[in-house]
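Beneath this line is the structure, given in structure tokens, with notes to follow.
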Amino acid sequence: MPPAALPPDEAARLAALRPAADERLAAARAALDALPIIAFERDERGACTFVNAEWRRVTGMTLADALGTGWLQGIHPDDRARLTREWDAAVARGETLASTYRYQRPDGSTTWVEGQACPRRDAAGRLLGYLGTAVDVGLRRQSEAALRVSEARLAHALEATEDGLWDWDITTGAAYFSRRWCEMLGYEQGQVKPTVSAWEELVHPEDLPTAKAALEAHFADQAVPYQVEIRLRRRDASWSWVLARGKVVEWTREGRPARMVGTHVDITRERQQASVLEASHAKLQGLFEVSPLALALADLDGTIVEANPAAHQITGYAPGTLRGRRLGELVTAESAPALWARVRALDAAPGGGEVEFELVRADGQCLPVRAQFARVVDEDGRARTWIVAQDLRASRQAEAALRESEARFRRMADQAPALIWMTDEAGRCTYVNAGWERFTGTAPRRPSATAGAPISTPMTARPRWRRSRMRCDRGRPSRSSTASGGGTGRGAGSRAAPPREWSRRALRWATWG
């Protein structure tokens with residue numbers, strides 16, 4: 477049935493109002509075109525009557541393409557049926573429609589939007605159509621998807637590294653502790669109250685001020701990292717050392733920290749090992765300082781890195797002044813080749829080696845030393861050389877004195893009228909004097925037979941030696957008489973006594989007759 481014709485005066489009134497109405501509509505649509513969001517109009521049946529410039533930009537379609545039901549061609553095929561049903565339901569009820577869907581451009585690319593369409597009604601409440609807007613959330617959806625992937629990747633990484641994750645809402649004090657974070661302290665996830673105050677209660681009282689100071693420093697300057705080693709109380713009341721790291725990731729409009737995330741790494745075993753190493757290092761350092769031997773550590777180029785007090789004493793340098801000096805400064809030109817040859821040999825045999833050389837003291841005096849070398853690798857992975865040096869002056873003086881004493885003894889023994897010979901503990905003769913030559917008529921020599929054999933008969937030599945040894949072992953001199961040697965027909969009485977070292981151990985036997 478065709479609509480009834482308007483009275484002539486009503487028709488004339490409406491015709492007079494149309495230009496102004498069209499002008500207002502054009503102005504409204506121009507304003508919609510200026511919006512940075514999608515805007516559209518639908519009639520009471522849901523047919524499209526207008527789309528703004530942003531809609532056309534996002535979809536790549538024209539206004540003519542979108543009119544009527546053409547706008548559906550801009551919707552992703554997978555979302556069209558659902559969105560059509562939602563529109564039909566909203567139109568049937570005259571309600572607001574809110575939905576999330578995808579637009580598809582002619583080139584096949586897509587973007588997500590969040591749209592909302594509100595009904596327009598006249599003064600009598602009759603439905604005139606819909607005015608809708610939509611916000612392009614494609615970048616946000618991509619960011620959210622990337623965030624989910626990143627969070628999943630982080631979760632997998634944390635699972636692999638066994639680090640505990642924490643997330644702190646600084647504005648409210650709420651906190652999140654991951655499963656591994658809780659397990660690190662012997663709890664199941666959920667057994668620790670999700671608040672920062674619960675964390676504070678677990679921190680060792682001696683460490684809480686340090687942790688808070690590190691937080692305040694990080695809040696004041698993001699360039700200062702939040703990284704601190706603290707103790708946390710476990711469920712069994714023992715303490716675990718953790719390395720806490722974190723970073724502020726959100727700030728309030730006023731510039732105050734709003735959210736912070738970070739990790740806990742269990743370093744209890746490392747701290748225990750460090751304590752053992754520190755104790756061991758302290759012991760070694762003590763030995764290093766009090767050792768009577770000169771100890772020095774040098775780089776491969778011969779630069780001294782460290783030297784103990786004995787090294788400064790033997791070289792005559794003031795304490796602490798050997799550091800930075802080169803080994804070449806401390807040896808004579810004649811000794812340098814042998815020294816460097818020994819050092820270079822460490823490349824093939826890092827275990828060590830020994831060399832004697834002349835050391836030049838700070839006052840220019842030269843003294844003989846014996847040095848041992850060993851190649852080591854320090855905690856930073858650098859190869860270095862340990863040097864252990866000993867002053868040979870005392871030992872060489874003792875050797876010279878011993879040689880002089882031996883020479884003096886031999887001169888006295890050779891001039892003595894008695895027969896004198898010496899044996900070692902096994903009874904091997906080590907010395908005979910000139911009197912022995914005169915008595916036996918043979919030149920002095922060092923017999924290797926059992927002592928007494930050169931001048932005693934074979935039948936009596938060994939038993940007599942054993943009796944003499946037994947008496948000497950008891951600390952008493954031994955006396956005996958022997959048949960002559962060399963067929964001279966002469967005889968001689970003999971006595972034996974053991975010269976001893978400071979420990980009272982017999983070193984050798986002197987026999988005279």
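My numbering puts the sequence shown at residues 477 to 989.
Idealized CB from N, CA, C, for every residue including glycine.
Test item: CB-CB of residue i and residue j under 8 Å
i    : j    : result
T739 : S716 : no
R735 : E726 : yes
V718 : D697 : no
A809 : I790 : no
L543 : C524 : yes
G804 : I780 : no
L708 : V679 : yes
F516 : G608 : yes
V567 : R521 : yes
R581 : G536 : yes
W862 : A877 : no
T560 : L548 : yes
A774 : R858 : no
R624 : Y663 : no
G640 : R656 : yes
E471 : S871 : It is not possible to answer for residue 471, since the shown part of the chain is limited to 477 through 989.
G778 : R802 : yes
G792 : R837 : yes
R533 : L539 : no
A720 : V704 : yes
Cross-strand partners of residue i (DSSP beta bridge)
i    : result
V836 : C842
M537 : BP columns for M537 are empty, so no partner.
I513 : Its beta-bridge partners do not exist; DSSP assigns none.
H740 : G640, A720
W715 : R709
I790 : Its beta-bridge partners do not exist; DSSP assigns none.
I551 : Y579
E995 : Nothing about residue 995 can be read from this structure; the chain reaches only from 477 to 989.
Q703 : R721
E726 : R735
R597 : L603
G544 : C524
A877 : Per DSSP, none; premise fails for A877.
Q866 : R846
Y907 : M898
For residue j and residue i, believed in contact at Cβ under 8 Å, the rounded distance
i     : j    : result
G691  : Y702 : Note on residue identity: the sequence assigns Leu, not Gly, to residue 691. L691 to Y702, Cβ: 6 Å. Contact.
R820  : G829 : The pair is not a contact, with the Cβ atoms about 10 Å apart (cut-off 8 Å).
A786  : P768 : 6 Å
I706  : A689 : No, I706 and A689 are not in contact; Cβ-Cβ is about 11 Å, not under 8 Å.
R596  : G605 : 5 Å
A1004 : L753 : Residue 1004 lies beyond the range of the chain shown here (477 to 989); nothing can be said about it.
A593  : R518 : 7 Å
F695  : V724 : 7 Å
D555  : Y577 : 4 Å
Best match in the options for proximity to residue i [C-alpha to C-alpha]
i     : options                : result
W675  : W642, R578, E664       : W642
Q1025 : I513, R655, E832, G778 : The chain is shown from 477 up to 989; residue 1025 falls before or after that span and cannot be answered.
R846  : L763, V807, E855, D639 : V807
V587  : A610, L543, A713       : According to the sequence provided, residue 587 is Thr. The question's Val does not apply to it. When only C-alpha atoms are compared, the closest one is A610.
C842  : F849, R869, G722       : R869
Y579  : L776, G550, R558       : G550
P693  : E664, L708, L661, P733 : Here residue 693 turns out to be Ala, not Pro, going by the sequence shown. Of E664, L708, L661, P733, the residue nearest in Cα terms is P733.
E913  : R729, D890, R904       : D890
I513  : E882, D856, E530       : E530
E638  : S654, A599, S619, G840 : S654
V852  : D839, L822, T916       : L822
L815  : Q848, A838, A631       : Q848
G546  : V589, V527, E562       : V527
D645  : S626, A794, G722, M888 : G722
E855  : A794, V766, R879, H757 : H757
V864  : S881, E682, H788       : H788
W563  : D541, G591, C905       : G591
So, does the region 660-671 touch the region 638-651, judging by three or more C-beta pairs under 8 Å?
yes
So, do the region 880-897 and the region 908-916 have three or more beta carbon pairs nearer to each other than 8 Å?
yes
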